[in-house]
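2 protein chains.
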Amino acid sequence: MAKAKKKYYAVAVGRQPGIYEDWLDAESQVKAFPGAKFKGFSKRSEAGAWLADPVYHAAPGNRQYKPRYPRQDMKPKDDEITIYTDGGSINNPGPGGYGVVIVDNGAYREFSGGYRLTTNNRMELMGCIVALRKLSGADKPVALYSDSSYVVNGINKGWARKWRQNGWLKSDKRPALNTDLWDELLTLSDKFNIRFNWVKGHAGNPLNERCDELAVAAARRHGQPEDVGYSGKLQREDI
Amino acid sequence: MAKAKKKYYAVAVGRQPGIYEDWLDAESQVKAFPGAKFKGFSKRSEAGAWLADPVYHAAPGNRQYKPRYPRQDMKPKDDEITIYTDGGSINNPGPGGYGVVIVDNGAYREFSGGYRLTTNNRMELMGCIVALRKLSGADKPVALYSDSSYVVNGINKGWARKWRQNGWLKSDKRPALNTDLWDELLTLSDKFNIRFNWVKGHAGNPLNERCDELAVAAARRHGQPEDVGYSGKLQREDI
RNA sequence: UGACACCAUUUCAG
DNA sequence: CTGAAATGGTGTCA
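If you're matching them up, the sequences are chains U and G in order. Adding 325 to a residue's 1-based position in the first sequence gives its number in the working numbering. Adding 325 to a residue's 1-based position in the second sequence gives its number in the working numbering.
Here it is as structure tokens:
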């Protein structure tokens, strides 16, 4: 629940294309309208951007990767390496996966992986780690985009570094979680000129959505390995 | 010889079991319905008595409602009472209905009902309650099948019992909903050796689909009563 | 108390 | 595929 309310509805194909602020209004434009194309947004600007250049979901199978960017600030810049990351877990904890897209000089690389029992937050962290592992000696600044405030704040607000300094204890003196992953992420981050950025999930950013696809596909895949870090946590609790 | 005019038609097995005062109505419930069972009466009380007596609906060896089961595990077992339940609401909240099939020793009984304003989840709960109300002192284990994870988890994961213990507060301290129905369902469940099972909806299980038919028909029926439990909830919110 | 994320099921309208 | 509502859960942090 607690989903951001959609207050703006862009009607691209319908009786009267445009932006509507009430679903009932929008619905009357598309209901029983063959081939209607419409989508809800939480911000008018997003609705307008989509309307100006609708992003259609990439057809599965043929993977000629040509994302369209609804907004200029979503487009990777050439003077930096752009990384998008996403993670998820079905039933949390449950089968989980991560997806990564790295854009360097217009070249797109994709990575993904999954585990048969893990958590959403571990997968969000894993995505970042895998991305940075793939970066061997970047000569350019790195911009990493994640929709996890857990990850982005953990780095940008210095939470993780503080926990490590205090023997992985949080300010409430209780142990921080996922320390195996935070430790590696901190170590990797130190090797790059990297900036972590938070992006809203499922808000029409094509690279974020591509990562989501990769993560979901990986999570659904059978025969995935065990997330030993997560299992380790359980064992400690069992003792 | 003036024949007593038949003014009441009891439909025991048909699309919408119940009592009808017009043959055209009754006919539409049984026409082209395999194994339909119906009978005309001159008094409503006679029709009701016939309808209430399950003996008439389960004569062994006759052309009774005998679904084909695509998979062996869908077939009711003889050593337990099998209950299928479904509920739904048109426009949620909106007009809603439930459908119930009880199988005991190869005898099929069906029940349904509806309300003019309710929710899908209330109807899923109502189906279970009505089913258990019809069970007077079961000597065998009872297996109840519902496609509502709200209902099945509410029982099997102990949610509902926890809510009741905490004065109908959920773990997030907010009030649980549909407490009138949960309370009765818990009380009824305690009287039986009952196991709740989740089945996927619209997945080819004939009894689940039969319940769906019953529920939809009941929801569509005009002149249904008010769901006072649901209205009560609205009033509380309005205060 | 707040935030972000992950998800499950059902129902309904196209 | 697009949209809506009704219900519930966990992972994590400040």
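The beta carbon of each residue, even a glycine, is placed where N, CA and C say it ideally should be.
>> My output table needs one value for Pro420 of chain U: the three-state DSSP class, helix, strand or coil.
In response: In the three-state reduction of the DSSP assignment, Pro420 of chain U falls in the strand class, which pools E and B.
> Rounded to the nearest angstrom, how far is the Cβ of Trp493 of chain U from that of Pro500 of chain U, given a contact under 8 Å?
Replying inline: That belief holds up - the Cβ atoms of Trp493 of chain U and Pro500 of chain U are roughly 6 Å apart, short of 8 Å.
>> Mapping the DSSP letters down to three states, classify Asn430 of chain G as helix, strand or coil.
In response: Here Asn430 of chain G sits in coil by DSSP.
> If we ignore side chains and look at the alpha-carbon of each, how far apart do Asp537 of chain U and Arg535 of chain G end up?
Replying inline: Each residue's alpha carbon lies about 38 Å from the other.
>> Buried or exposed for Arg369 of chain U, going by 16 or more other Cβ atoms inside 10 Å?
In response: By the 10 Å Cβ count, Arg369 of chain U comes out exposed.
> Hey, Lys445 of chain U and Gly412 of chain U are a contact pair by Cβ (cut 8 Å); roughly how many whole angstroms apart?
Replying inline: First, the amino acid is wrong: residue 445 of chain U is Asn here, not Lys. That belief holds up - the Cβ atoms of Asn445 of chain U and Gly412 of chain U are roughly 6 Å apart, short of 8 Å.
> With respect to the alpha helix (DSSP H) encompassing Ser474 of chain G, which residues constitute its N-terminal and C-terminal limits?
Replying inline: Per DSSP, Ser474 of chain G belongs to the alpha helix (DSSP H) from Ser474 to Asn481.
>> How far does the alpha helix (DSSP H) with Leu469 of chain U in it extend, from its first residue to its last?
In response: Membership of Leu469 of chain U in any alpha helix (DSSP H) is not indicated; the residue belongs instead to the beta strand (DSSP E) covering Val467 to Ser471.
> What three-state label does DSSP hand Thr410 of chain G in the structure shown?
Replying inline: In the structure shown, Thr410 of chain G adopts extended strand secondary structure according to DSSP, grouped into three states.
> DSSP three-state call for Val553 of chain G: helix, strand or coil?
Replying inline: The answer is helix: DSSP assigns Val553 of chain G an H, G or I state.
> Among residues of its own chain, excluding the 5 on either side of Leu502 of chain U, which ones have a beta-carbon nearer than 6 Å to its beta-carbon?
Replying inline: Counting only Cβ-Cβ distances below 6 Å, and skipping sequence neighbours, we find nothing.
> Leaving out five residues before and five after Gly479 of chain G in sequence, what residues of the same chain have Cβ atoms less than 7 Å from its Cβ?
Replying inline: For Gly479 of chain G, where only same-chain residues beyond five positions count, the Cβ hits under 7 Å are Ala485 and Trp507.
> Leaving out five residues before and five after Pro531 of chain U in sequence, what residues of the same chain have Cβ atoms less than 8 Å from its Cβ?
Replying inline: Take Pro531 of chain U, set aside five residues on each side of it, and the residues of its chain with a beta-carbon closer than 8 Å to its own are Val380, Pro392, Arg393, Tyr394, Pro395 and Met399, in chain order.
> In or out: Gly483 of chain U buried (at least 16 other Cβ within 10 Å) or exposed?
Replying inline: If you draw a 10 Å sphere on the C-beta of Gly483 of chain U, you find fewer than 16 other C-beta atoms in it, and that means exposed.
> How long is the line joining the alpha carbons of Gly431 of chain U and Ala361 of chain U, rounded to whole angstroms?
Replying inline: One alpha carbon belongs to Gly431 of chain U, the other to Ala361 of chain U, and they sit about 33 Å apart.
> What residue range is occupied by the uninterrupted beta strand (DSSP E) comprising Ile454 of chain G?
Replying inline: Unbroken run through Ile454 of chain G is the alpha helix (DSSP H), Asn445 to Lys459; no beta strand (DSSP E).
>> So, with DSSP's three-state summary, where would you put Pro379 of chain G?
In response: Note that Pro379 of chain G has pLDDT 36, beneath the 50 cutoff, so the model's placement of it is unreliable and the number below is only indicative. In the structure shown, Pro379 of chain G falls within a helical segment according to DSSP collapsed to helix, strand and coil.
>> Considering only their Cβ atoms, is the gap separating Ser471 of chain U from Cys453 of chain U smaller than 8 Å?
In response: Cβ distance < 8 Å, so Cys453 of chain U and Ser471 of chain U count as in contact.
> Between which two residues does the beta strand (DSSP E) carrying Lys487 of chain U extend?
Replying inline: First-last for Lys487 of chain U: Trp484 to Gln490, but that is the alpha helix (DSSP H), not the beta strand (DSSP E).
> Mind pulling the beta strand (DSSP E) runs of 3 or more residues that sit fully within the segment 489–549 of chain G?
Replying inline: Entirely contained in the segment 489–549 of chain G, the beta strand (DSSP E) runs reaching 3 residues are, in chain order, 519–523.
> So the alpha helix (DSSP H) Ala351 of chain U belongs to, where does it begin and stop?
Replying inline: Ala351 of chain U -> alpha helix (DSSP H) spans Trp348 to Val355.
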